[in-house]
Amino acid sequence: MTKKIGLTNQLISALPLSEQRDVMAVSEQISLSFEQILRARDEAVQHVYFPTTAFISELVVTDQDECIEVRLVGTEGMLGLNLVLGDKHAPFHAVVQGKGEALRLNRKDFLRVLKNTPKLERLLHRYTYVVMKQMAQNIACTQFHTIEARLARWLLMTQDRAGNDSFPVTQEFLSHMLGASRVGITSAASNLKKNKLIHYVRGEMHIIDREGLRRCSCSCYNADIDNYKVHIHKIKDLHV
Ligand SMILES: [Zn+2]
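Reading the sequence shown from the start, the letters are residues 39 to 278 in this note's numbering.
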């Protein structure tokens with residue numbers, strides 16, 4: 039087990055240095071692998087994760103095994119907000135979408151550090167609010183926006199979290215992520231490919247034209263960024 043302060047998570051970076059040290063003192067840096075299952079819904083949460091290069095999907099799975107992504111958690115976020123809200127059970131399934139590193143705290147240490155570092159608690163309350171708005175935005179997005187626009191948004195969000203123009207993804211996985219049919223995803227991906235915005239070969243997605251993808255994406259992509267900036271990036275005084 040190694041402990042390292044070099045890797046950054048934007049939430050932890052938003053804290054005063056003394057509180058960053060308190061969090062890091064009980065964190066371990068771990069590697070997460072592609073498609074690793076971190077937890078199932080209703081399972082008692084043993085750890086929280088602050089991704090530093092990895093990213094994680096939270097998914098809802100129905101009793102008919104239909105599946106849709108609720109949110110994507112990368113270096114901007116944290117997995118385990120249910121503990122902040124006082125419930126130890128995971129609300130969703132969580133699967134690693136992009137391999138990489140994360141800071142992990144066990145439940146007991148996290149709750150202790152949360153209690154003793156008030157600015158961390160305030161920050162995570164704000165982050166919870168951001169996530170609630172993201173989820174509401176996702177409901178509107180799924181209901182009102184085209185699969186092509188939603189796919190463009192998802193690819194941009196994934197590229198942001200991957201920190202890379204290429205990442206592995208299958209069309210089956212995309213259909214689960216977006217709650218759309220395989221046929222719909224294939225058609226939308228073909229259009230993006232035809233317009234030279236992406237290249238997709240053997241399970242590897244390559245983003246060719248990010249600006250073109252932004253034009254193709256629905257407004258939800260910018261709404262998410264603005265939401266995060268207003269409530270997290272611009273935090274000057276966590277006493278508010
Ligand atoms: Zn949308």
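Note that CB positions come from ideal geometry on N, CA and C, so glycine has one too.
query                                                                                                                                                                  : result
I think R199 touches H131, with their Cβ atoms under 8 Å apart; what is that distance to the nearest whole Å?                                                          : Incorrect: roughly 18 Å between the Cβ atoms, too far for contact.
Use the C-beta contact count for N25: other C-beta atoms within 10 angstroms, 16 or more gives buried, fewer gives exposed.                                            : The first residue shown for the chain is 39 and the last is 278, placing residue 25 beyond what the model contains.
By Cβ distance below 6 Å, which residues in the same chain neighbour T40 in space, the five residues on each side in sequence not counted?                             : Unreliable placement is indicated for T40, whose pLDDT of 36 sits below 50; no coordinate value is reported for it.
Kindly indicate which three-state DSSP category I43 falls into: helix, strand or coil?                                                                                 : The predicted position of I43 is uncertain, since its pLDDT is 44 and thus under 50; no value can be drawn from it.
Given the structure, does R188 come close to ligand 1, in the sense that its CB is under 7 Å from one of the ligand's heavy atoms?                                     : yes
Can you find at least 3 beta carbon pairs, one from the region 142-160 and one from the region 95-110, that sit closer than 8 Å?                                       : no
Within 10 Å of its beta-carbon, does M243 have 16 or more other beta-carbons around it, so buried, or fewer, so exposed?                                               : buried
Is the beta carbon of M109 within less than 7 Å of some heavy atom of ligand 1?                                                                                        : It should be pointed out that residue 109 corresponds to Arg in this sequence rather than to Met. Flag unset: Cβ of R109 not near ligand 1.
Per DSSP, what kind of secondary structure is V64 in: helix, strand or coil?                                                                                           : coil
Report all residues from its chain with a CB closer than 8 Å to the CB of V83; omit the five preceding and five following residues, and keep chain order.              : R77, G118, N120, L121, K126, H127, A128, R145
Does the Cβ of E249 have 16 or more other Cβ atoms within 10 Å, making it buried, or fewer, making it exposed?                                                         : exposed
Flag H127 as yes when its Cβ comes closer than 7 Å to any non-hydrogen atom of ligand 1, and as no otherwise.                                                          : no
Which whole-angstrom value describes the C-beta separation of D262 and Q135, a residue pair presumed to lie in contact below a C-beta threshold of 8 Å?                : The pair is not a contact, with the Cβ atoms about 16 Å apart (cut-off 8 Å).
Going by DSSP, what residues sit across from C179 in a beta bridge?                                                                                                    : Answer by DSSP bridge pairing: none, since C179 is not bridged.
Beta carbon of R252: closer than 7 Å to some heavy atom of ligand 1?                                                                                                   : no
Excluding the five sequence neighbours on either side, which residues of its own chain have a C-beta within less than 8 Å of the C-beta of S65, listed in chain order? : K41, F88, L141, R142, L143
Within the continuous beta strand (DSSP E) that includes I236, where are the two ends?                                                                                 : 236-239
Can you give me the start and stop residues for the alpha helix (DSSP H) that G250 sits inside?                                                                        : 248-254
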